[in-house]
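Okay, so the sequence shown: first residue is 1 according to full-length UniProt numbering, each after it adds one. Working notes, beginning with the structure itself.
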Amino acid sequence: MANAERAANGRSSQGAEIGVIGGSGFYSFLEDVTEIQVDTPYGSPSDSLFLGEVAGRRVAFLPRHGRGHHLPPHRINYRANLWALRSVGVRQVLGPCAVGGLRPEYGPGTLLVPDQLVDRTKSRVQTYYDGCPLPDGTVPNVVHVALADPYCPEGRKAALAAARGRDWEPVDGGTLVVVEGPRFSTRAESRWHAAMGWSVVGMTGHPEAVLARELGLCYTTMTLVTDLDAGAETGEGVSHEEVLRVFAANVDRLRSVLFDAVEALPTGERDCLCTRALDGLDTGIRLP
Ligand SMILES: [Zn+2]
1 MANAERAANG
11 RSSQGAEIGV
21 IGGSGFYSFL
31 EDVTEIQVDT
41 PYGSPSDSLF
51 LGEVAGRRVA
61 FLPRHGRGHH
71 LPPHRINYRA
81 NLWALRSVGV
91 RQVLGPCAVG
101 GLRPEYGPGT
111 LLVPDQLVDR
121 TKSRVQTYYD
131 GCPLPDGTVP
141 NVVHVALADP
151 YCPEGRKAAL
161 AAARGRDWEP
171 VDGGTLVVVE
181 GPRFSTRAES
191 RWHAAMGWSV
201 VGMTGHPEAV
211 LARELGLCYT
221 TMTLVTDLDA
231 GAETGEGVSH
241 EEVLRVFAAN
251 VDRLRSVLFD
261 AVEALPTGER
271 DCLCTRALDG
281 LDTGIRLP
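Set out below in structure tokens:
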């Protein structure tokens, strides 16, 4: 049973070092989960944070779409989500998501750990450093972070090792293209994405990755293919029911891999490119 507790100014007496952004299926079986509400300068995150322990590591779970899945991908407050996680102490984030496969060999049940990202969203705020004043009067400067390698190399290693440890051979690398949604792609769009050499298509991986980088957080995604995207199959195209069915069929083993990945994430001082994202940049604001 979760204890509800209000965390003033995003501070919690009981923090976490690792964040997991994903469905409620990932933490609902944990014992001693503490629910806290966190406010941010950007508004409210998708839901409360649910703090628990996995393999001795403190983890904050955040349901990306809110409880009951009421937020479509384009209405998720991504800035508040990443800020809230950082404010309770999180420095490494795992953000698993469901995707469509863009190649016939990436059928339902494929686990792919991307190493590249393409943004085809249209309406999403994707920076903290926009020159707009925060409620406390501080003003973020306009700065530009590097995103050549959008995912944490250490997090990717942990995710790949965790999948192999569960006999679920993952696809190591590939490009996740993120579309605006909430509709699925047309066949023409899907064929175009495939022709560009991209691997899987989703709706939430952007701007999560870039906002994490802007806060100096390590971010890794693990994508579960729930369907062949419209261009890669010959039937009716993707349906919401089919996506939910395949996700439900895989959620148990995905949770096992996720928890093993949590355990395998580096401990102590981080030493990866994510930690150096803000080196030499004057952001003008204090990160939580
Ligand atoms: Zn990192």
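All C-beta atoms in this analysis are idealised placements derived from N, C-alpha and C, irrespective of residue type, glycine included.
Quiz: which residues have CB nearer than 5 Å to ligand 1 non-hydrogen atoms: Having a Cβ closer than 5 Å to some heavy atom of ligand 1 are CYS152, CYS218, CYS272 and CYS274.
Just reading off the beta strand (DSSP E) that PRO63 is part of, what are its end residues? That run of the beta strand (DSSP E) goes 57-63.
List the residues that DSSP assigns as beta-bridge partners of ARG75. DSSP output for ARG75 lists no bridge partner at all.
Closer than 6 Å by C-beta to PRO72: which residues in its own chain qualify, once you throw out the five before and the five after it? Chain order, please. The answer, listed in chain order, is PRO182.
Residue of TYR219, LEU102, ARG58 and ALA84 minimising C-alpha distance to TRP192: Measuring from the Cα of TRP192, the nearest candidate turns out to be LEU102.
I'd like the list of long-range same chain contacts for residue 291, defined as Cβ closer than 6 Å, with 5 residues on each side in sequence excluded. A question about residue 291 goes unanswered here, because the residues of the chain that appear run from 1 up to 288.
Alpha carbon to alpha carbon, how far is VAL145 from ARG120? Between the C-alpha atoms of VAL145 and ARG120 there is a straight-line separation of about 19 Å.
Alpha carbon to alpha carbon, what distance is there between PHE184 and ALA230? Roughly 8 Å between the two C-alpha positions.
Report the residue from ALA188, VAL38 and LEU224 whose alpha carbon sits nearest the alpha carbon of LEU111. The residue with the shortest Cα to Cα distance from LEU111 is LEU224.
Where does GLY52 sit, in a helix, a strand or coil, going by DSSP? In the structure shown, the three-state DSSP call for GLY52 is strand.
Between the stretch 192-207 and the stretch 239-250, do at least 3 Cβ pairs fall closer than 8 Å? Taking one beta carbon from each stretch, the stretch 192-207 and the stretch 239-250 have fewer than 3 pairs nearer than 8 Å; the two do not touch.
So, is ASN3 buried or exposed, given that buried needs 16 or more other C-beta atoms within 10 angstroms? Unreliable placement is indicated for ASN3, whose pLDDT of 39 sits below 50; the coordinate value is still reported in the next sentence. Residue burial annotation: ASN3 is exposed, with fewer than 16 other C-beta atoms found within 10 angstroms of its C-beta.
What residue range does the beta strand (DSSP E) around GLU35 cover? Unbroken beta strand (DSSP E) run through GLU35: 34-38.
Given this structure, state the Cα-to-Cα distance separating SER24 from GLU17, to the nearest angstrom. Their backbone Cα atoms lie some 19 Å apart in a straight line.
Quick check on the burial criterion: 16 or more other C-beta atoms within 10 angstroms. Buried or exposed for LEU281? The residue in question, LEU281, is exposed, as its Cβ has fewer than 16 Cβ neighbours within 10 Å.
Using a Cβ-Cβ cut-off of 6 Å (strictly less than) and excluding sequence neighbours within five positions of THR138, which residues of its own chain qualify? Excluding residues within five positions, the ones whose Cβ falls inside 6 Å are ILE285.
For my contact list, TRP168 and ARG253 are in at a C-beta cut-off of 8 Å; report their separation, rounded to the angstrom. Indeed, because the Cβ distance is near 6 Å, the residues count as touching under 8 Å.
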